[in-house]
Structures are given as structure tokens and as C-alpha cells.
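Residue numbers (my numbering), protein chains in the order written: chain A, 90 to 483; chain B, 90 to 483. Built from N, CA and C at the ideal position, the CB exists for glycine as well.
Number of protein chains: 2
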Amino acid sequence: MENFNFYVPTTVHFGKGQIENLASSIKQFGGSKVMLAYGGGSIKKNGIYDTVTSELKKADIPFVDCDGIKPNPPVADVRKGIQIYRDNSCDFILAVGGGSTIDAAKAMAAGVCYDGDVMDLMADGKGEITAAAPLASVLTMAGTGSELDLGGVITGEVNHKKHTIMHPLLYPKFSILDPTFSFSVPEKHSMAGSFDALDHLLECYFIAGSESTDVQNMMNEGLMRSIIKNAPKVLANPEDYDARANIMWASSMALASFQFAVGKKGSNWPMHAMGHELSSLYDMTHGVTLALIAPSYLAYTLEKAPEYTWLFANFARNVFGVVQGDDALAAKEGIAKVKEFADTINMPKNLKEAGVEEGKLEYLAEKATEWGNIGALCPIEKEDALEIYKRAFL
Amino acid sequence: MENFNFYVPTTVHFGKGQIENLASSIKQFGGSKVMLAYGGGSIKKNGIYDTVTSELKKADIPFVDCDGIKPNPPVADVRKGIQIYRDNSCDFILAVGGGSTIDAAKAMAAGVCYDGDVMDLMADGKGEITAAAPLASVLTMAGTGSELDLGGVITGEVNHKKHTIMHPLLYPKFSILDPTFSFSVPEKHSMAGSFDALDHLLECYFIAGSESTDVQNMMNEGLMRSIIKNAPKVLANPEDYDARANIMWASSMALASFQFAVGKKGSNWPMHAMGHELSSLYDMTHGVTLALIAPSYLAYTLEKAPEYTWLFANFARNVFGVVQGDDALAAKEGIAKVKEFADTINMPKNLKEAGVEEGKLEYLAEKATEWGNIGALCPIEKEDALEIYKRAFL
Numbered sequence: 090m091e092n093f094n095f096y097v098p099t100t101v102h103f104g105k106g107q108i109e110n111l112a113s114s115i116k117q118f119g120g121s122k123v124m125l126a127y128g129g130g131s132i133k134k135n136g137i138y139d140t141v142t143s144e145l146k147k148a149d150i151p152f153v154d155c156d157g158i159k160p161n162p163p164v165a166d167v168r169k170g171i172q173i174y175r176d177n178s179c180d181f182i183l184a185v186g187g188g189s190t191i192d193a194a195k196a197m198a199a200g201v202c203y204d205g206d207v208m209d210l211m212a213d214g215k216g217e218i219t220a221a222a223p224l225a226s227v228l229t230m231a232g233t234g235s236e237l238d239l240g241g242v243i244t245g246e247v248n249h250k251k252h253t254i255m256h257p258l259l260y261p262k263f264s265i266l267d268p269t270f271s272f273s274v275p276e277k278h279s280m281a282g283s284f285d286a287l288d289h290l291l292e293c294y295f296i297a298g299s300e301s302t303d304v305q306n307m308m309n310e311g312l313m314r315s316i317i318k319n320a321p322k323v324l325a326n327p328e329d330y331d332a333r334a335n336i337m338w339a340s341s342m343a344l345a346s347f348q349f350a351v352g353k354k355g356s357n358w359p360m361h362a363m364g365h366e367l368s369s370l371y372d373m374t375h376g377v378t379l380a381l382i383a384p385s386y387l388a389y390t391l392e393k394a395p396e397y398t399w400l401f402a403n404f405a406r407n408v409f410g411v412v413q414g415d416d417a418l419a420a421k422e423g424i425a426k427v428k429e430f431a432d433t434i435n436m437p438k439n440l441k442e443a444g445v446e447e448g449k450l451e452y453l454a455e456k457a458t459e460w461g462n463i464g465a466l467c468p469i470e471k472e473d474a475l476e477i478y479k480r481a482f483l
Numbered sequence: 090m091e092n093f094n095f096y097v098p099t100t101v102h103f104g105k106g107q108i109e110n111l112a113s114s115i116k117q118f119g120g121s122k123v124m125l126a127y128g129g130g131s132i133k134k135n136g137i138y139d140t141v142t143s144e145l146k147k148a149d150i151p152f153v154d155c156d157g158i159k160p161n162p163p164v165a166d167v168r169k170g171i172q173i174y175r176d177n178s179c180d181f182i183l184a185v186g187g188g189s190t191i192d193a194a195k196a197m198a199a200g201v202c203y204d205g206d207v208m209d210l211m212a213d214g215k216g217e218i219t220a221a222a223p224l225a226s227v228l229t230m231a232g233t234g235s236e237l238d239l240g241g242v243i244t245g246e247v248n249h250k251k252h253t254i255m256h257p258l259l260y261p262k263f264s265i266l267d268p269t270f271s272f273s274v275p276e277k278h279s280m281a282g283s284f285d286a287l288d289h290l291l292e293c294y295f296i297a298g299s300e301s302t303d304v305q306n307m308m309n310e311g312l313m314r315s316i317i318k319n320a321p322k323v324l325a326n327p328e329d330y331d332a333r334a335n336i337m338w339a340s341s342m343a344l345a346s347f348q349f350a351v352g353k354k355g356s357n358w359p360m361h362a363m364g365h366e367l368s369s370l371y372d373m374t375h376g377v378t379l380a381l382i383a384p385s386y387l388a389y390t391l392e393k394a395p396e397y398t399w400l401f402a403n404f405a406r407n408v409f410g411v412v413q414g415d416d417a418l419a420a421k422e423g424i425a426k427v428k429e430f431a432d433t434i435n436m437p438k439n440l441k442e443a444g445v446e447e448g449k450l451e452y453l454a455e456k457a458t459e460w461g462n463i464g465a466l467c468p469i470e471k472e473d474a475l476e477i478y479k480r481a482f483l
């Protein structure tokens, strides 16, 4: 097992009615004037905005709105939030929404404490995060795990490239996870979120060094099973509390400080890298891009890294209950099950159906690998990425 | 799923050589004079004491020793530590050892900030923890998970009763987990520690409310599998780094903020309650007591709570790979596997072999239930506890 550090300081308040902890928690972390960050207004329609603001009003906590944060949040939205925070002398950021809103809020939290442009603070930027405003989240859509991790993904201006921002100061101080808040999330986004969480687990599972990380692998297998069991229940009944609760908690656990990747070799999260390019070019929902890429990526990787056939076979048996005794056959069966699961939860069948143009595949492969190899079990250079996109096309 | 809160603020530095983070981490948390808490001196024999103190000396951090903390730590040891801390104007406690040492250090951390006697601060005491000295751990023996949780168990003076101390302020600020530090732990204690970790997971698995907690159950199943796989490897080769690493990380994860019990109904940890009485009366190793109690407890519970047969069957299939299709038969097979595992890692076969007197069983049952029902899936009153002790006797 490789050396690692592990740190997840966020306090989680999980369950129905946990919003009652909102005001006291904000005060506990020194918040006296809150910037409320949220998206396109669905929280106004479903009543969550009123619920949150009434808690703030009851506790005499003044707040100012930063609304309209878009999915795949563009840096312009982040800059707007930084301006609002400064103009109103806020001292706390409360993100109410899903991964995009929380990711944007993290970039705002870092940006308000930095003199230059917030793009400097991205992982590939020239600046350094040395301070951040306290932030917290009220989660309304499960999937990204941003509520229990230290990072976010922001879309830059050049080619809509996705950039990562990451720092321990960006952990939410607390996150309120009320499964009922996700009842009204539309089917497509609920299912895309479920696949996103599953894909975090796939990224962490299929990394070199997994020979020695039984704890991480075996817990991960269990968590994957819980998503595969519960996502179809949410699809069948969006107000199934326990199914929503399992998906919400699974999403948080899937990413919590990358607990399932620790102790392994490094990874550039190849499926995410390839999916991000689809989102950049077509503004596609993140989880949908992962469902499109994962089966082809896994099949390609199995071919290129046959020494990890045992890992794919373990996955097939322990996640999907495949009983095939031959490792190579079991491995393939497991990958077929991933595709089957994506179909079950109504993800688009292939890139073509999702509206991707065949002529763009080369460009996508080029961009996904522009900083070099993105592989986890085998190298993934441009030609490899292109082959994966092609297999995912039809 | 029941509502819950989740909070694990401890920073973990995991792996070979992580002791290099010791001094900087102490300073990060404001430590300028350290009380070094440890046990009977094994750390002096195996070199860990020298390794730790040389890190402190290199960084010019003065320290004072609080040695001789006994297993099942008696409150007298805690009081001694409090005195040493005060006499030497320390501002940081570093526990170097296993669960007993870390538990005692937690009680000291609370005690030094309290005017009255530290026994007041136990869960059944009259005082309240409102402050605690910062503490950290260097783990030398895996099992209890104390390095990543907020509680400890202290042996009182009256009847050697075990008392719990628990507060979020008692999380270690950081824990250094170097699997090589556990290489020299004697076989019996290594195996008892493995069973202790497994038993934490059993306690969390078999709780009412498990119908709705797929995430917790399924991750738990995976973690149990990792212990069952790796403990025999440690037995075969005490210097198998990866096996030690998996057991060490499994032990921490098993208890981390009781992550596998969250969302379920409450439990009084019946196997621990019954095991504690064995430790109180015979000063037996904690993990050994659990190995003695678990199979009988589980079998008794299955009989009394047949409505949870499905949970026992899931356990059998997903943890031990039992293929039996009939739930009732699978359930029994799973429990037999627990006993088989205890035998495999050389735990005593029964209470008699462990030196328990048959005439004491009634007393043990009386004490284990003196505050009432300790059950998790079915009520466990005195008569039930007696029956379980009797079944475990021969």
C-alpha cells in the first residue's frame, strides 16, 4: 500500500429536517453575513429557497443572493460571486444546490481571499490558495460528492476548458444532506448524478496499486452495489426516501477525501478527463458524459492492461454478482453490466444518440490528453482516447 | 434511514516513515510542551520510543514521559497522567501505543481541563466536557480504532467497571499510522486486535433499522471481508507490510465516527458490553473477549429475532461467500464462519479454556445488564446475557 494522508473535516447533518441546524452552524463558524449561492431558480420553485431563508431570518442572519450559477459553472459566475461577496462585506458562503453550485462556491471562497484573478488559483494556475472564506452547503442534488470534499471543477473561458480547484481550506465547514430536498430533481439529473457517484468509485477502483488495497477495494465494491441497487428505486419512485437517502449518502462517501483511491498509485481520472471534454464542447450533463465513456474506457483498458484482468473479474463478481469462474470472461461480463446499468437508468445509448458529431472525436481526444497521458491502469494518450471515443460513438 | 450527524476531523498520516510529520503536526496544533503517554515499555524495546523522541528533539519540542499505562486502562493511570501534565505545564498529549494508551490519553485530555475528578466526565458521570487538551496518536497496535474516533473506555475502581468517555473534543488532532510500527506486536494481541475491529463491524451491522441502510451495510461487508482476508496473513507473516497496512486501516475505518452504525436505530453494543465484564473480572484482552462472545451472541440473536434472518443471510453470503440459497440455513452458516475465523486466528475456543469460572457467569450477566437491556436486534436482559455466556462457556 502506498503512503497517504486522509482528512475530511466537514460536519454532516444527514436526514429529514436537518435544516434546523443551519443557523446555529453558520454562527458556530463565525458567519454573520451570508452570501447565498444557488443556481437557476429551481430552489425557488420547490420551496427550498424559502425554507433556507426563513431559517436565516429566524436567526437574524442577514444574507445576500448570488443566483444564476450555471451547470458546469463558468468562471464568469465565480467572478460575479466574488464581487457580490466583497460588495456586501459577507463573511460566509452558503451554497444551496448540487455539485455545480458547491464547486462554484468553493472557487468563490478561495477567490475572495486572493488579490488576483481566481483563475490563478486553479490547479494549473500560477497562484496559491492561502486563505478561504468559510463555506457550507445545503445539498439538493446527489452525485458529485462536492459536499464532502475539498475540490471543484470550473469551466474556463478558453475553449470552455475545465479546470480543477482544490485545497483543504475548501472543505465545506458543514453540509446539510436532507434526502427530501432531492425529491424534485428531474429524472435525468437524478440518474446522471447516480452514475457520477458510481464513476467516482470506478475511477478509484481501477488504479494501479490495487493489489495491496483490500480495504479500499472491498469497501468500494460494497458502495458501488448500494448505488446499483438504489438508483433504479429512485427512478421508479422519486419520493422513495430510503432510496434517495442511500444515493445521497453513497455520493458523499464515494468522494470523501478520495477515500477509495488512497494507498494506490496516482490517477488522472481518465473517464472524468474524457467526459469533461464532452461537457466543455456540448455543455452535456457531467454524469451523462461518464455513462457514455465508462463502458468503452473499461473495455479498452482491460485489453491494454490484461495483467489487471483479476481486478476486473473481482469487480464483476463482487459488484454485480457475476458467477463466471473464468477471470477473462467474468471481466468482460462485468463491463457489460456497467453498460446494462447505464441503460437501465436511461442514460443515452451512445455519443451519437447524445448529439456528439463524429467529426469532433479527434478534437475531443486531442483536448482530453493535451497535458499528456491520462491513464490509470495503462497509458491513455491521444490515440487511445480517440479509440475510446470511437467505441463509445455507436 | 434514521437521521444522523457525521464528523471525523482527525488528520491521518498513513504509511512507512510518516513519523516525519510528527513535529510539524504538533506545532500546527499549538503544542510546545508534550506529555508522551505510553504503556509498559514495549516501545522502548522495539525502538519506537527512540524514533518518536528523536523527532521531538530534532524539532526542539520538550517532552515529559507518562509511562506505564496498563491495558484496560484504570482510572488511576489517567489521574497520574493528569498530574504529570499539570505539574509540567504541558500543552499537548501524544499517545504512543494501542487503544488502551490512546483511550487513557483521551481521558487525560478531558481531565486536565476539568476541576473535579475525571470520573465525573465519563458518560455515566455528573460532569461535562467543555474543553480538552489537544491530543494526537502514534499507533503501534491496530484494533480499537481509537486513533480515529472520539471515545475511550476507562476501568473504574468499583468492581473494575468499564466506563465510556466520549466527546468531539477528544478526536486526536492527528494520528500517525505506520504499519511497520505494528510488526513487533505479539501474535495474540495482533489477532485480538483484528477480532476487535471485526467485532466493531459486527456490532454496527446487526442493529435494528438495517433495512434501509444499504450504503452502511454494504461498505461494512466489504470492510469485514478485508479483515477476514488479511488477519491470517499477519498471523503467517507478522512483517507482511500490506497485510499489516490493511488491518491497520481497516481498524481505523471500522470505527471512524461509527460510520457503519449511522442511520440505524440505537445500540448498546451488546458484545462489547458482555466482553467488558470479562475484561473487568479477569483483565482479559478486549479482542479476545469479543471473539469468545460473538458466535454465541449472534446465534442467540438469530433465534430471538428471526425477522432479521435476511440480515444474517446477507452477512453470510456477502462476507463469507456462503452460497446456500435458503436464508435460515445461510444465516446459521455465516455464524459458524465467524467461529471458524476466531479459531483460525487462534482465539481461545471457549470461556472455560480462557480461564473463566462457570460459577461467575451469573455475576457477569448481572453486571453486563445492570443498566438494563443491552440488545441491538432483540432485547438482551440478564437472563439472555446469562444464556449467551453459558453457550460461550463450553
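Amino acids of chain A, ordered along the chain, whose beta-carbon sits closer than 8 Å to that of residue 301 of chain B:
Counted from its first residue, the second sequence places residue 301 of chain B at position 212. By Cβ distance, chain A contributes 331, 334, 335.
Return no unless some Cβ of chain A is closer than 8 Å to the Cβ of residue 103 of chain B.
Walking along the second sequence from the start, residue 103 of chain B turns up at place 14. For residue 103 of chain B, the answer is yes, since a Cβ of chain A falls inside 8 Å of its Cβ.
Between which two residues does the alpha helix (DSSP H) harbouring residue 306 of chain B extend?
By one-based count along the second sequence, residue 306 of chain B stands at place 217. First-last of the alpha helix (DSSP H) with residue 306 of chain B: 303 to 325.
Are residue 278 of chain B and residue 344 of chain B closer than 8 Å when you measure CB to CB?
Reading the second sequence from its first residue, position 189 is the one you call residue 278 of chain B. Reading the second sequence from its first residue, position 255 is the one you call residue 344 of chain B. No, these two residues do not count as a Cβ contact at 8 Å.
Assumed close pair residue 284 of chain B, residue 436 of chain B - CB separation to whole angstroms, cut-off 8 Å
Sequence index remark: in the second sequence, residue 284 of chain B carries index 195 (1-based). Sequence index remark: in the second sequence, residue 436 of chain B carries index 347 (1-based). Right, the Cβ-Cβ distance comes to about 6 Å (below 8 Å), so this counts as a contact.
Buried or exposed: which applies to residue 460 of chain B, given that a residue is buried once 16 or more other Cβ atoms fall within 10 Å of its Cβ?
To locate residue 460 of chain B, count along the second sequence from 1; it is residue 371. Result: exposed.
Check whether the region 178 to 191 of chain B touches the region 117 to 129 of chain B, taking contact to mean three or more Cβ pairs, one atom from each stretch, closer than 8 Å.
yes
Through-space distance from residue 307 of chain A to residue 308 of chain B, alpha-carbon basis
Along the second sequence, one-based indexing puts residue 308 of chain B at 219. Along the first sequence, one-based indexing puts residue 307 of chain A at 218. Cα to Cα, residue 308 of chain B sits roughly 7 Å from residue 307 of chain A.
Does the separation of the CB atoms of residue 498 of chain A and residue 101 of chain A fall below 8 Å?
Chain A is shown from 90 up to 483; residue 498 of chain A falls before or after that span and cannot be answered.
Where in the region 93 to 181 of chain A do unbroken runs of the alpha helix (DSSP H), each at least 4 residues long, occur, reported from the N-terminal end onward?
111 to 117, 131 to 134, 137 to 147, 164 to 176
Does the beta carbon of residue 275 of chain B come closer than 8 Å to any beta carbon on chain A?
Numbered from 1 along the second sequence, position 186 holds the residue referred to as residue 275 of chain B. For residue 275 of chain B, the answer is no, since every Cβ of chain A falls outside 8 Å of its Cβ.
Is there a C-beta anywhere in chain A that falls below 8 Å from the one on residue 338 of chain B?
In the second sequence, the residue the question calls residue 338 of chain B occupies position 249. Answer yes: the Cβ-Cβ gap between residue 338 of chain B and chain A drops below 8 Å somewhere.
Interface flag, residue 272 of chain A vs chain B, CB-CB below 8 Å:
Locating residue 272 of chain A in the first sequence gives position 183, where the first residue counts as 1. No, its Cβ sits nowhere closer than 8 Å to a Cβ of chain B.
Using a cut-off of 7 Å between C-beta atoms, extract the partners of residue 133 of chain B located in chain A.
The residue you call residue 133 of chain B lines up with position 44 of the second sequence. Residues of chain A passing the Cβ test: none, with the nearest at roughly 26 Å.
Per-residue contacts from residue 160 of chain B into chain A (C-beta, under 7 Å):
For the purposes of this step, residue 160 of chain B is taken as residue 71 along the second sequence, with counting starting at 1. Within 7 Å Cβ-Cβ: nothing; residue 160 of chain B doesn't reach chain A, min ~26 Å.
Given 8 Å, three or more beta-carbon pairs between the region 350 to 357 of chain B and the region 239 to 259 of chain B
no
Tell me which same chain residues have a C-beta within less than 8 Å of the C-beta of residue 147 of chain B, skipping the five on either side of it?
Start at 1 with the first residue of the second sequence, and residue 147 of chain B comes out as number 58. Correct list, in chain order: 112.
Residues from the region 99 to 127 of chain B in contact with chain A, defined by Cβ distance under 9 Å:
99, 100, 101, 102, 103, 104, 105, 106, 107, 110
Comparing the C-beta of residue 96 of chain A with each C-beta of chain B, is any distance below 8 Å?
Walking along the first sequence from the start, residue 96 of chain A turns up at place 7. Closer than 8 Å to some Cβ of chain B, the Cβ of residue 96 of chain A qualifies, so yes.
With a 10 Å radius around its C-beta and 16 neighbouring C-beta atoms as the bar for buried, classify residue 264 of chain B as buried or exposed.
Along the second sequence, read from residue 1 onward, the residue named residue 264 of chain B stands at position 175. The residue is buried, with at least 16 neighbouring Cβ atoms inside 10 Å.
My output table needs one value for residue 256 of chain B: the three-state DSSP class, helix, strand or coil.
On the second sequence, position 167 is the one that residue 256 of chain B refers to. Coil, per DSSP.
Proximity to residue 492 of chain A [Cα-Cα], best of A:458, A:195, A:429, A:225:
Residue numbering for chain A in the displayed model covers 90 to 483; residue 492 of chain A lies beyond these limits and cannot be assessed.
Contact with chain B by residue 312 of chain A, beta-carbon distance below 8 Å
The residue given as residue 312 of chain A occupies position 223 in the first sequence. Closer than 8 Å to some Cβ of chain B, the Cβ of residue 312 of chain A qualifies, so yes.
Identify each residue in the region 169 to 195 of chain A for which the Cβ-Cβ distance to at least one residue of chain B is less than 9 Å, and report them in chain order.
none
Give a yes or no on contact between the region 366 to 379 of chain B and the region 391 to 404 of chain B, applying the rule of three or more CB pairs nearer than 8 Å.
no
Would DSSP call residue 265 of chain A helix, strand or coil?
Sequence index remark: in the first sequence, residue 265 of chain A carries index 176 (1-based). Three-state DSSP puts residue 265 of chain A in a strand.
I believe residue 481 of chain A touches residue 381 of chain A by the beta-carbon criterion, under 8 Å. Please report the beta-carbon distance rounded to the nearest angstrom.
Numbered from 1 along the first sequence, position 392 holds the residue referred to as residue 481 of chain A. Numbered from 1 along the first sequence, position 292 holds the residue referred to as residue 381 of chain A. Confirmed, about 5 Å.
Would residue 370 of chain B pass as a contact of residue 449 of chain B if the rule is Cβ separation under 8 Å?
As a first step, residue 370 of chain B must be located in the second sequence, where it is residue number 281. As a first step, residue 449 of chain B must be located in the second sequence, where it is residue number 360. In contact: residue 370 of chain B and residue 449 of chain B (Cβ atoms closer than 8 Å).
Measure how close the beta-carbons of residue 270 of chain A and residue 137 of chain A come, nearest whole angstrom, since I'm counting them as under 8 Å.
Walking along the first sequence from the start, residue 270 of chain A turns up at place 181. Walking along the first sequence from the start, residue 137 of chain A turns up at place 48. That pair is a contact at about 6 Å.
What is the rounded straight-line gap between the Cα of residue 406 of chain A and the Cα of residue 178 of chain B?
Within the first sequence, the letter at position 317 stands for residue 406 of chain A. Within the second sequence, the letter at position 89 stands for residue 178 of chain B. Cα to Cα, residue 406 of chain A sits roughly 57 Å from residue 178 of chain B.
Take the Cβ of residue 143 of chain A as the centre, count every other Cβ of all protein chains shown within 10 Å, and call the residue buried at 16 or more, exposed below.
Counting from one through the first sequence, the residue named residue 143 of chain A turns up at place 54. Counting Cβ neighbours within 10 Å, residue 143 of chain A comes out exposed, since fewer than 16 surround it.
Where residue 251 of chain A falls: helix, strand or coil (DSSP):
Along the first sequence, one-based indexing puts residue 251 of chain A at 162. Strand, per DSSP.
Please list the partners that residue 304 of chain A has in chain B, where partner means a Cβ-to-Cβ separation under 7 Å.
Working through the first sequence from its first residue, we reach residue 304 of chain A at position 215. Ordered by position in chain B, the residues that pass the 7 Å Cβ test against residue 304 of chain A are 312, 315, 335, 338, 339, 342.
Between the alpha carbons of residue 230 of chain A and residue 166 of chain B, how many angstroms are there, rounded?
Your numbering for residue 230 of chain A matches position 141 in the first sequence. Your numbering for residue 166 of chain B matches position 77 in the second sequence. One C-alpha to the other measures close to 50 Å.
Could you check which residue in A:98, A:117, A:252 has the C-alpha nearest to that of residue 213 of chain A?
By one-based count along the first sequence, residue 213 of chain A stands at place 124. If we check each option's Cα against that of residue 213 of chain A, A:252 comes out closest.
Residues in the region 396 to 409 of chain B having any Cβ partner in chain A nearer than 7 Å
none
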